[in-house]
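Trainee:
Residue numbers (the working numbering): 3 to 271.
Next comes the structure, spelled out in structure tokens:
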């Protein structure tokens, strides 16, 4: 059992270390162990203790979901729960998320998971969705509205109404690619990236794209629909000290008006 676990753990450790771009010596210094011990772990010649697995995960800044995978590979039980956001033990956090979205009113805010599935949305976000999709009731929104990035790339979503989509799309894809890489090649993020790049009209050279002649300090999303011209920039917030997989992966996307027209559109109700 331990031999099998050690063999499963060794390639995972090496993969994460290589992905982080650090040497065995650097990792050994971070964990305060010998380089030889790190080498033996990667060769499956030594079995890590549970504490050692945690030290390695801390040193490599590995996400909680992947820490569970490393613990399992080393023969231990997962160390972090993955709870539903509506679970009683997460009620304080759920209330805090609701408070943050309410404070963002009348401007849009959404709680999304790691793959940008929309978990919560305030009335400002619903107003924007209603404008873009041309319907008033959330139950009439198309299926693509359930995922923030699908909404940006699908033909029946925001895409046809974003005047600077050619600049926005490559930036979104590059950010998503970086997030997938940071998450250890997370299959969900990789699948999402593949889905988005498969939509028609996505530039093949998106990895090399640089926004042209952009003078503003941030890249805005400029939406034009029914004679209304809106411009936003966004912020992304995460929880500071999550000890649950779900909580580490959620984020709050808040959209702010980039001009007075957009501000007045939402302030006027």
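Just so it is clear, CB atoms sit at the ideal spot from N, CA and C, and this is done for glycine as well.
Values in this document were obtained by computation on a predicted structure and should not be read as measured data.
Find out if the Cβ-Cβ distance for the pair residue 11, residue 43 is shorter than 9 Å.
Mentor: The residue you call residue 11 lines up with position 9 of the chain shown. The residue you call residue 43 lines up with position 41 of the chain shown. Taking 9 Å as the Cβ cut-off, residue 11 and residue 43 qualify as a contacting pair.
Trainee: Let me check understanding here. Comparing Cα to Cα, which of 53, 68, 60, 13 lies closest to residue 29?
Mentor: As a working mapping, residue 29 is identified with position 27 in the chain shown. Nearest of 53, 68, 60, 13 to residue 29, Cα basis: 60.
Trainee: Taking C-beta to C-beta, are residue 209 and residue 179 nearer than 9 Å?
Mentor: To locate residue 209, count along the chain shown from 1; it is residue 207. To locate residue 179, count along the chain shown from 1; it is residue 177. Cβ atoms of residue 209 and residue 179: closer than 9 Å.
Trainee: Restricting to Cα atoms, I'd like to know which of 194, 184, 77, 138 is closest to residue 119.
Mentor: Along the chain shown, one-based indexing puts residue 119 at 117. The option with the nearest alpha carbon to residue 119 is 194.
Trainee: DSSP state of residue 264, grouped into three classes?
Mentor: Position 262 of the chain shown holds residue 264. Correct three-state label for residue 264: helix.
Trainee: Can you grab the Cα-Cα spacing for the pair residue 254 / residue 88, in whole Å?
Mentor: Numbered from its first residue, the chain shown carries residue 254 at position 252. Numbered from its first residue, the chain shown carries residue 88 at position 86. Distance between the alpha carbons of residue 254 and residue 88: 16 Å.
Trainee: Mind checking whether residue 103 and residue 111 have CB atoms under 9 Å apart?
Mentor: Position 101 of the chain shown holds residue 103. Position 109 of the chain shown holds residue 111. A contact, by the Cβ cut-off of 9 Å.
Trainee: When the Cα of residue 272 is compared with those of 16, 113, 151, which residue comes out closest?
Mentor: Any question about residue 272 goes unanswered here, given that the chain covers just 3 to 271.
Trainee: Pull up the CB-CB distance for residue 144 and residue 158, whole angstroms please, since I reckon it's below 8 Å.
Mentor: Your numbering for residue 144 matches position 142 in the chain shown. Your numbering for residue 158 matches position 156 in the chain shown. Going by Cβ atoms, the distance from residue 144 to residue 158 rounds to 5 Å, so yes, they are a contact pair.
Trainee: What's the call for residue 259, buried or exposed, on a 16-neighbour Cβ count within 10 Å?
Mentor: By 1-based counting over the chain shown, the position of residue 259 is 257. Result: buried.
Trainee: For the putative contact between residue 31 and residue 58, defined by C-beta atoms under 8 Å, what is the C-beta separation to the nearest angstrom?
Mentor: Within the chain shown, residue 31 is the residue found at index 29, counting from 1. Within the chain shown, residue 58 is the residue found at index 56, counting from 1. In fact, because the Cβ distance is near 13 Å, the residues do not count as touching under 8 Å.
Trainee: Within the continuous alpha helix (DSSP H) that includes residue 129, where are the two ends?
Mentor: Your numbering for residue 129 matches position 127 in the chain shown. From DSSP, the alpha helix (DSSP H) with residue 129 extends over 125-135.
Trainee: Express the C-alpha separation of residue 262 and residue 114 in angstroms, rounding to a whole number.
Mentor: The residue you call residue 114 lines up with position 112 of the chain shown. The residue you call residue 262 lines up with position 260 of the chain shown. Between residue 114 and residue 262, the C-alpha separation is close to 27 Å.
Trainee: Go to residue 181, then tell me how far its beta strand (DSSP E) extends in each direction, as first and last residue.
Mentor: Counting from one through the chain shown, the residue named residue 181 turns up at place 179. No beta strand (DSSP E) contains residue 181, which is instead part of the alpha helix (DSSP H) from 167-184.
Trainee: I'd like the list of long-range same chain contacts for residue 166, defined as Cβ closer than 7 Å, with 5 residues on each side in sequence excluded.
Mentor: Position 164 of the chain shown, counting from 1, holds the residue named residue 166. Answer for residue 166: 224, listed in chain order.
Trainee: Excluding sequence positions up to five away, which residues of its chain have a Cβ less than 6 Å from the Cβ of residue 19?
Mentor: Taking the chain shown and counting its residues from 1, one reaches residue 19 at position 17. Taken in chain order, the residues that qualify are 29.
Trainee: In the DSSP assignment, find the alpha helix (DSSP H) that holds residue 41 and state where it starts and stops.
Mentor: On the chain shown, residue 41 is found 39 positions in, with the first residue counted as 1. Run containing residue 41: 37-44, per the alpha helix (DSSP H) assignment.
Trainee: Can you grab the Cα-Cα spacing for the pair residue 123 / residue 203, in whole Å?
Mentor: In the chain shown, the residue the question calls residue 123 occupies position 121. In the chain shown, the residue the question calls residue 203 occupies position 201. Cα to Cα, residue 123 sits roughly 29 Å from residue 203.
Trainee: How is residue 51 classed by DSSP in three states: helix, strand or coil?
Mentor: Residue mapping note: residue 51 aligns to position 49 of the chain shown, counting from 1. Here residue 51 sits in coil by DSSP.
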